[in-house]
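Right, one structure below, let's go through it.
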Amino acid sequence: MTVTDPILEIRDLSIEYGFGADPVRVLDRVSLTLARGEMLGLAGESGCGKSTLAYGATRLLPPPGVIRSGEVLFHGRNGESYDILTLNDKQLRAARWRDFAIVFQGAMNSLNPVHRVGDQLKDAIKAHNPKAKKAELNDRAAHLLDMVGISTDRLGAYPHQLSGGMRQRVMIATALALEPELLIMDEPTTALDVVMQRQILEEISDLRARLGFSVIFITHDVSLLVEVADRIAIMYAGEIVEQADVEDAYRRPRHPYTKGLLSSFPPLKGPRRELQGIPGSPPDMAHLPRGCRFADRCPFVFDRCRVDNPELSQTAFGRDEPDRLVACHLHNSAERQAAVGVSGATPEVPAALALR
Amino acid sequence: MTVEPAHLTPQEMDPPNSTAGVARGKVDRASQLLFLRNGKVITGLLILAFFTLLAIIGPWVAPYDPDALGEDSVAPPSLQHWFGTANLGQDIFSQVLVGTRSVMFVGFVAGILATLIAVLVGVTAGYLGGAADEGLSLLSNVFLVLPALPLIIVIAGPLDGANSLVVAIVIAITAWAWGARVLRAQTLSHRRRDYVEAARANGESTPRIVLAEILPNLSAIIASSFVGTVTFAILTQVTLAFIGVTGLDQWSWGTVLFNAQSNQALIRGAWWWFVPAGLCIAAVGVALALVNFGIDEFVNPRLRATGKYAKALKKRGVRARVGFTPVDRHEEPSTPVVPASGTVLVTEES
């Protein structure tokens, strides 16, 4: 899969938790490319590594997280490129917020309760541009609040005087204060009710269209992603198992796990269908099974899945859908067998995963 | 983000892995004593243990009676008198040895008593709030402005030859207020936190909320306030002995210093008279400060793992910090990783 104008390239990123002799590898050689202006959704169950990927790539992961391999290349608007993992503290501090900003999981609580929201907005700008003039700062802060749909007279308000949704908007405004090229949103709407979720998401889509930044949107709510994202990456047990345009993934899931996730919420349109969960729970990251990590929960499991962990590669319909990647033997074992000569029957791609 | 424990099916549970699981549990229990691995804490505890031992056995192992008069007056250290002799030929080594007991006794008894009062008053005031808080805060504020040393002199002076226990109690009574204030403030911040609300909603009793929920969160403050009070009590005891309040028949490092001072040891050049006692005081103070360094690491579970592997991390050149995840890229970017317990059949790049 090729992206012509990438803004962020994560290559072979591995992350371990634990400083001892026996660390747990929670992210295993994950590669992901984000195109400029794109909104990429990262989805998966709790504990599958979504947040670890985003925080690891920006080096915000708290101890005992350690990055063990890979590179994270950021390609700026003005043509400069750098590997986030090789930046020193000063460069990293400068790059944060200027190049990539983050809206945290509990963003509403990221506001300091004793300072006015306007001052906190200005602080973010001042931290990177200490020489900014007062009037300039005020203008910018007012403009930012206005941009996220909050009346500018709220600049002097304290966080407790704002509702949850408004605080979330303030956090988004703060994240956009320096016009970053990449915005990472870690479950930004989880604590909000559905109406507010909708408004915030529309706000983000709208701002993205106007300002042209890229978004990595992390959520466990796949139905949300289907509505807002351009592309979707499904994670399972520390690996990306499927990557596709959101529409394709929704209509024609190629990985059994994606299929399971998608059939765990009801479609608004189309024929009525039985809701199914995915039986079982994710594997213990400290004692991973030998083969495919999804094998024990997979309805289509066959012998090979127990011994060999599939790699992310083209689907069984590779020529027809060059932009899709899937990590499943059902899709890529045939060519693999041809390549290395492993014998044994490979089942056909099941009908459920072979919609065209 | 947490890694969720999952149910393992039998074929996943290879024998080596399951034993690894058991070992993991053991490591966690051992990690509670991790502060013992910290070099500073070990040093501090060893010094304290040494002086505690001296306090216990000092009077029995002392080579001379500290009051016994000898022949050499103000003699420098020799094989017979390791720390030399005083003006009437008394053995200073024996005086320091015998004096250790009252210093350590007063230090620890006063420290424990003062900490108990501080926890009781501070946590109660902070948790109950309202009138109880007002009253207890007033009480600790009053004790805070009491000038400790004069009060001790006033109380201990008339008690002829005040013994160590009385001195310890008097010191404790004057030294608890600071700790109580700090604990009250911290309790105030904890009592409205969600975990306390949840405990209250659970129907837990007030004593249980205070003792089992809030108190463990205060343990770092309690421990360091204890260490601070012990230091204060030791210095106060030495001071009292030095100015002669505790009675000259009771040996203490302060008594040695008092004798040295009143007999003009410095002018006579008799450094051996005051240097050993002074060094002992300094050593105990340093030891208590060193222990204080390790308390946070011991009490805060989040810091334990980092502390545990501090040496290994240093060797790897990894600095564990919040906000700057360390990068320790040991692998070449494109070698496939062998899963924890298995083999990779296919190794080509896709």
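Protein chains in written order, with the numbering used here: chain G, 1 to 356; chain Z, 1001 to 1350.
A virtual CB, placed ideally from N, CA and C, is assigned to each residue, including glycine.
Computed from a predicted model, the values in this text were never measured in an experiment.
Between the C-alpha atoms of residue 1128 of chain Z and residue 164 of chain G there is a straight-line separation of about 31 Å. The three-state secondary structure of residue 1309 of chain Z, taken from DSSP, is coil. Secondary structure of residue 158 of chain G (DSSP, three-state): coil. In summary, residue 299 of chain G is exposed, with fewer than 16 beta-carbon neighbours lying within 10 Å of its beta-carbon over all protein chains present. Annotated three-state conformation of residue 113 of chain G is coil, per DSSP.
Spanning the alpha carbons of residue 144 of chain G and residue 73 of chain G requires a straight line of approximately 29 Å. Taking 8 Å as the threshold, the shortest C-beta distance from residue 89 of chain G to chain Z falls below it. Where residue 233 of chain G is concerned, the enclosing beta strand (DSSP E) starts and stops at 231–236.
The beta carbon of residue 159 of chain G sits no closer than 8 Å to any beta carbon of chain Z.
Residue 285 of chain G: not part of any beta strand (DSSP E); DSSP gives it neither H nor E. The region 260–271 of chain G makes contact with the region 210–227 of chain G: 3 or more CB pairs, one atom from each, lie closer than 8 Å. Counting the other CB atoms within 10 Å of its CB gives residue 1252 of chain Z a total of 16 or more, which places it among the buried residues. In this structure the region 13–31 of chain G does not lie against the region 152–168 of chain G, because fewer than three pairs of beta carbons, one per stretch, are closer than 8 Å. Around the beta carbon of residue 99 of chain G, 16 or more other beta carbons lie within 10 angstroms, which makes this residue buried. Here DSSP, grouped into helix, strand and coil, assigns residue 44 of chain G to coil. Every alpha helix (DSSP H) stretch that sits fully inside the region 17–67 of chain G and reaches 4 residues is listed by chain position as 50–57. Residue 1094 of chain Z is a Cβ neighbour of residue 1066 of chain Z, given a cutoff of 8 Å. For residue 204 of chain G against residue 172 of chain G, the beta-carbon gap comes to about 7 Å, under 8 Å, which counts as contact. Along the region 1181–1241 of chain Z, the beta strand (DSSP E) does not occur as any fully enclosed run of 3 or more residues.
Non-local beta-carbon contacts of residue 1043 of chain Z in its own chain, meaning distances under 8 Å to residues more than five positions away in sequence, involve 1287, 1290 in chain order. Boundaries of the beta strand (DSSP E) harbouring residue 101 of chain G: 100–103, taken from the DSSP string. When the beta-carbon positions are compared, residue 48 of chain G and residue 185 of chain G stay at least 8 Å from each other. Membership of residue 1078 of chain Z in any beta strand (DSSP E) is not indicated, and neither H nor E is assigned to it by DSSP. Closer than 8 Å to the CB of residue 59 of chain G there is at least one CB belonging to chain Z. Inter-segment contact for the region 1–21 of chain G and the region 48–57 of chain G is present: three or more beta-carbon pairs are separated by less than 8 Å. In the structure shown, residue 243 of chain G adopts extended strand secondary structure according to DSSP, grouped into three states. A Cβ-Cβ contact shorter than 8 Å links residue 353 of chain G with residue 330 of chain G.
Using a Cβ-Cβ cut-off of 9 Å, residue 278 of chain G is close to nothing in chain Z; its nearest Cβ partner there is about 13 Å away. Taken atom to atom, the span from the alpha-carbon of residue 1194 of chain Z to that of residue 1098 of chain Z is near 53 Å. Per the DSSP secondary-structure output, residue 82 of chain G pairs in a beta bridge with G/74. Annotation for residue 1243 of chain Z: no beta strand (DSSP E) segment contains it, and DSSP assigns it neither H nor E. Look at residue 219 of chain G here: in three-state DSSP terms it is strand.
Residue environment for residue 6 of chain G: buried (at least 16 other C-beta atoms within 10 angstroms of its C-beta).
When C-beta distances to chain G are compared with 9 Å, every residue of the region 1172–1203 of chain Z stays at or above that value. Going by beta carbons, residue 122 of chain G and residue 141 of chain G fall inside the 8 Å limit. For residue 6 of chain G, the beta-bridge partners assigned by DSSP are G/35.
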